[in-house]
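Asks: Under numbering that gives the first Met the number 0, think of the first position of the sequence shown as 0, with each following residue one higher.
Ideal Cβ positions, reconstructed from N, Cα and C, are used throughout, including at glycine.
Nothing here was measured: the structure is a model prediction, and the numbers come from that model.
This structure is in structure tokens; I'll ask about it shortly.
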Amino acid sequence: MEKFFAPCPRGLEPVLAQELTALGGAEIYAVDGGVHFNGALTLGYRANLESRIASRVLWRVCQTRYRNEEDVYKAALALPWPRWFDVEQTLRVNLTATRSPLKSLDFTTLRIKDAVCDSFRAKFGKRPSVDTHAPDVRIHAYLDAEKLTLYLDFSGEPLFKRGWRNATGEAPLRENLAAGIVRLSGWDGVEALLDPMCGSGTIAIEAALIALDIAPGARRDFGFEKLKNFDRAAWEQMQAAALAREKPRTQLPIYGSDLYGDELRYARTNAEAAGLADVIQLKQANVLEMPAPAASGVMVTNPPYGVRLGNAEDLAVFYPKLGDALKQKFSGWRAYILSGDMALPKLIRLSASKRTVLFNGALECRLFEIKVVAGSARKPKPAV
Ligand SMILES: C[S@@+](CC[C@H](N)C(=O)[O-])C[C@H]1O[C@@H](n2cnc3c(N)ncnc32)[C@H](O)[C@@H]1O
0 MEKFFAPCPR GLEPVLAQEL TALGGAEIYA VDGGVHFNGA LTLGYRANLE
50 SRIASRVLWR VCQTRYRNEE DVYKAALALP WPRWFDVEQT LRVNLTATRS
100 PLKSLDFTTL RIKDAVCDSF RAKFGKRPSV DTHAPDVRIH AYLDAEKLTL
150 YLDFSGEPLF KRGWRNATGE APLRENLAAG IVRLSGWDGV EALLDPMCGS
200 GTIAIEAALI ALDIAPGARR DFGFEKLKNF DRAAWEQMQA AALAREKPRT
250 QLPIYGSDLY GDELRYARTN AEAAGLADVI QLKQANVLEM PAPAASGVMV
300 TNPPYGVRLG NAEDLAVFYP KLGDALKQKF SGWRAYILSG DMALPKLIRL
350 SASKRTVLFN GALECRLFEI KVVAGSARKP KPAV
């Protein structure tokens, strides 16, 4: 049984835990920022291939207590690195820490790198080189107050890079966060789904990948392929099975629109790169004026907000109009709106039936669930 850790955008840990359970993981437990799970080495491959939510899948190779940098060096030196990769391969060490007593995390990172190189030098008289940009092998170290954990990165490039995004507009969501909010919306893959402020199309594209059962990692490379214990036959079989189960790419009631033609061009380019140009329906439109594309459905969207886009005055005008548009044209729809603006329901004058805390990078957001029913409009206050 191997031990893994999959980091994910904060707030999506329960959704990731559900995914990993469905993939056959054992001893799953979520912590802030990710989920631990156990399974065969090939479960690590499967999680990379199938998880829509994880940012990476890390294979744990050591966990031990430490008190100082020397303890960290010795723990890293004791590991059989040459059994896992070749001296000709390049490497990079990443370190994250919470409540670590060590003074310099940069120095500790260097000590781990030294230990890995020293273990090769002792055996072969030469050491692997460091490549911080595109290394063959990534080593992740995590320090808490007392324990050091070392991981080999099974993912390589982070998993939100599915391989289709070439073009981005102003503030694109990461693909795994987009997939996460589609999951949290409870969309069934059949009813209509609309992102009326779609930017580069991330939400609509992730929704289409879910509906067509397209594994997010079916068309990219992974870090585990570079390791000596790589089971190529098992991987190729898994990848082929994933490709074989994909549903035919026919048009679905998944709609994306944006006010700006430039944004929409990015969305089109990305949909084409994902092979979904004929599946999702993209169109230039103003959310304040467009009709609903179906009598009922799910709106999943990430409107402009103060921190990244739009100034406060523009948004103060925009939000109430957005609320009016929802009330007038989208009764029968459920809306899931991701925003860093905690006062959004008040600003659009609709009440939220659920709020989920999510982080878009470092930015704390809420996913507001708003059920739009006829007469959602708040009654005007009676005149005094
Ligand atoms: C935060 S971005 C969405 C990013 C998108 N989720 C992505 O992954 O690329 C907000 C988008 O709202 C669009 N927008 C602003 N005002 C709009 C309006 N009145 N109607 C439609 N779209 C609008 C902007 O052009 C921008 O692309």
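Round the Cβ separation of V115 and L90 to the nearest angstrom and send it over; I've been treating them as touching at under 8 Å.
Replies: 7 Å
Asks: My assumption, with CB atoms under 8 Å, is that Y44 sits in contact with A233. Please give the rounded CB distance.
Replies: 7 Å
Asks: For N359, which residues does DSSP report across the bridge?
Replies: L362
Asks: Could you tell me the alpha carbon to alpha carbon distance between R231 and T97, rounded to whole angstroms?
Replies: 36 Å
Asks: For V383, count the other beta carbons within 10 Å of its own beta carbon; 16 or more makes it buried, fewer makes it exposed. Which is it?
Replies: Since pLDDT at V383 reaches only 49, below the 50 mark, its modelled position is unreliable, and no value is offered.
Asks: Just the Cα atoms here: how many angstroms apart are L192 and L42?
Replies: 32 Å
Asks: Between the region 132-152 and the region 98-108, can you find at least three pairs of beta-carbon atoms closer than 8 Å?
Replies: For the pair of segments examined, the region 98-108 was found to touch the region 132-152: the number of CB pairs separated by less than 8 Å reaches three.
Asks: Can you name the residues that DSSP bridges to M298?
Replies: L193 and A334
Asks: List the endpoints of the continuous beta strand (DSSP E) containing F4.
Replies: E1 to P6
Asks: Collect the residues with a C-beta less than 5 Å away from any heavy atom of ligand 1 and give them in sequence order along the chain.
Replies: A170, P171, L172, M196, G198, S199, T201, D257, L258, Y259, E262, N285, V286, N301 and P303
Asks: Assuming P195 and M298 make a contact with CB atoms under 8 Å, what is their CB distance in whole Å?
Replies: Between P195 and M298 a beta carbon distance of about 7 Å is seen, short of the 8 Å cut, so the two are scored as contacting.
Asks: Would V115 pass as an interface residue toward chain B - the criterion being a Cβ-Cβ separation below 8 Å?
Replies: Any reference to chain B falls outside this structure, which holds one protein chain only.
Asks: Hey, is T107 close to ligand 3, as in C-beta under 7 Å from one of its heavy atoms?
Replies: Ligand 3 is absent from the structure shown, which contains only ligand 1.
Asks: For the alpha helix (DSSP H) that contains D313, what are its first and last residues?
Replies: A311 to K328
Asks: Taking the alpha helix (DSSP H) that A272 belongs to, which residues open and close that run?
Replies: G260 to A272
Asks: I'd like to check one pair, R66 with K2: are the Cβ atoms closer than 8 Å?
Replies: No. Outside cutoff.
Asks: Report the rounded CA-to-CA distance for K370 versus S352, giving the unit in angstroms.
Replies: 7 Å
Asks: Give the single residue among E169, A29 and L263 whose Cα lies nearest to the Cα of A276.
Replies: L263
Asks: Can you give me the C-alpha to C-alpha distance between S118 and A361, rounded to a whole angstrom?
Replies: 37 Å
Asks: How many whole angstroms separate the CB atoms of C61 and T148, which I take to be in contact at a CB cut-off of 8 Å?
Replies: 7 Å
Asks: Cα separation between K246 and R120?
Replies: 50 Å
Asks: Under the three-state reduction of DSSP, which class applies to S50: helix, strand or coil?
Replies: In the structure shown, the three-state DSSP call for S50 is coil.
Asks: Between the alpha carbons of G260 and P344, how many angstroms are there, rounded?
Replies: 28 Å
Asks: Can you tell me the Cα-Cα spacing of Y265 and F367, whole angstroms?
Replies: 26 Å
Asks: Determine the direct distance from the alpha carbon of D70 to that of E312, and round the result to whole angstroms.
Replies: 55 Å
Asks: Rounded to the nearest angstrom, what separates G33 and M289 at their Cα positions?
Replies: G33 and M289 have their C-alpha atoms roughly 39 Å apart.
Asks: Residues in the same chain with beta-carbon distance under 6 Å from R164, minus the five sequence neighbours each way, listed in chain order, please.
Replies: Cβ neighbours of R164 beyond the five flanking positions: N269.
Asks: For P302, is the classification buried or exposed, using 16 other Cβ atoms within 10 angstroms of its Cβ as the cut-off for buried?
Replies: buried
Asks: Suppose the cutoff is 8 Å on Cβ atoms and the five residues either side in sequence are ignored; what does the same chain contact list for D220 look like?
Replies: A distance below 8 Å between beta-carbons, with the five flanking residues on each side excluded, links D220 to the following residues of its chain, in chain order: G155 and E156.
Asks: Do Y318 and I347 have their C-beta atoms closer together than 8 Å?
Replies: yes
Asks: What is the DSSP secondary structure of L19, counted as helix, strand or coil?
Replies: helix
Asks: Going by other Cβ atoms of all chains shown within 10 Å of its Cβ, with 16 needed for buried, is P215 buried or exposed?
Replies: buried
Asks: Exposed or buried, S350, counting other C-beta atoms within 10 Å across all chains shown (16 or more means buried)?
Replies: In this structure S350 is exposed. Its beta-carbon is surrounded by fewer than 16 other beta-carbon atoms within 10 angstroms.
Asks: Can you list, in chain order, the residues of its chain whose CB lies under 6 Å from that of R126, leaving out five sequence neighbours each side?
Replies: Within the same chain, and ignoring the five residues on either side of R126 in sequence, the residues whose Cβ sits closer than 6 Å to its Cβ are C116, F119 and R120.
Asks: Considering just the uninterrupted stretch of the beta strand (DSSP E) at S256, what are its terminal residues?
Replies: I253 to D257
Asks: With a CB to CB cut of under 8 Å and the five nearest residues on each side skipped, what residues in its chain are close to Q283?
Replies: S256, D257, L258, Y259, G260 and L263
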